[in-house]
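In terms of my numbering, the sequence shown opens at residue 249 and continues consecutively.
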Amino acid sequence: MADDTTDLEQEELPEKKSRSISLVMLLTIVIALLMLAFGLAAGYIVGQTTAISMVGTGTAEVSEQDGEQAAAEAAEEVEADAAATIEAQGEAIYYSLRPEFVANFHDGNKERYLMANIDVMARDKAIIDAVEKNLPMIRYQILRVFGRQGVELMQEDGKDRLVEQVLAAVQESIKVPEGTVESIFFTSFVIQ
């Protein structure tokens, strides 16, 4: 009886080994095929992107070396243009209007609250100094703008209109002959 059990186990052992080897080979082949498919897909996507960019520039047949040289020249031109623009306009200076603004406004029959942090951007230190000097008046004007809001603030372009109104209020408040506040940014904006 014991011999029969041992014989059965010995017969099953090679069969299990061959199954596990077959399974490992199958998994290896599947993984290799998946890697090949991903590689081909990535190559296709990169090739399409390169072809589209070449068609857009009018240089459909460019060698790899010419493409690298053209890309380097284009990057240098962009950097030179950006540097010239920054030099002509000056570098952006940001100033945070703190503490945050909290205002209430009516939305139909409901009383709503708005809390916002605002940063201003200018390209001249004198303008930022004027903002600091006139901060109480600027805060007052911004709170008045917030108080005039209503249902339209909840619409898609309501916040864009609010940005324009706040920017106009800030620009009107500082009146500096050298320039003006270029942009304002809501760094946080909550309506409850």
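Beta carbons are placed, not taken as given, at the ideal position from N, Cα and C, and that holds for glycine.
Item: When DSSP labels each residue in this structure, what does valine 368 get in the three-state scheme?; Value: strand
Item: Locate the alpha helix (DSSP H) running through glutamate 348, then write down its first and last residues.; Value: First-last for glutamate 348: 341–355, but that is the beta strand (DSSP E), not the alpha helix (DSSP H).
Item: So the candidates are Asn357, Arg346 and Glu380; which of them puts its Cα closest to the Cα of alanine 364?; Value: Arg346
Item: Go ahead and pull the three-state DSSP assignment for glutamate 412.; Value: helix
Item: Alpha carbon to alpha carbon, how far is lysine 423 from isoleucine 390?; Value: 16 Å
Item: Within 10 Å of its beta-carbon, does lysine 397 have 16 or more other beta-carbons around it, so buried, or fewer, so exposed?; Value: The question names lysine, yet the displayed sequence has glutamine at residue 397. Buried, by the Cβ-count rule.
Item: State the start and end residues of the unbroken alpha helix (DSSP H) segment that holds valine 438.; Value: Looking at the DSSP string, valine 438 is not in any alpha helix (DSSP H); the run it does join, the beta strand (DSSP E), is 431–439.
Item: In three-state DSSP terms, what is arginine 360?; Value: strand
Item: Quick one: Cα of aspartate 285 to Cα of valine 272, how far?; Value: Strictly speaking, residue 285 in this sequence is alanine, with aspartate absent from that position. Approximately 20 Å, taken between the alpha carbons.
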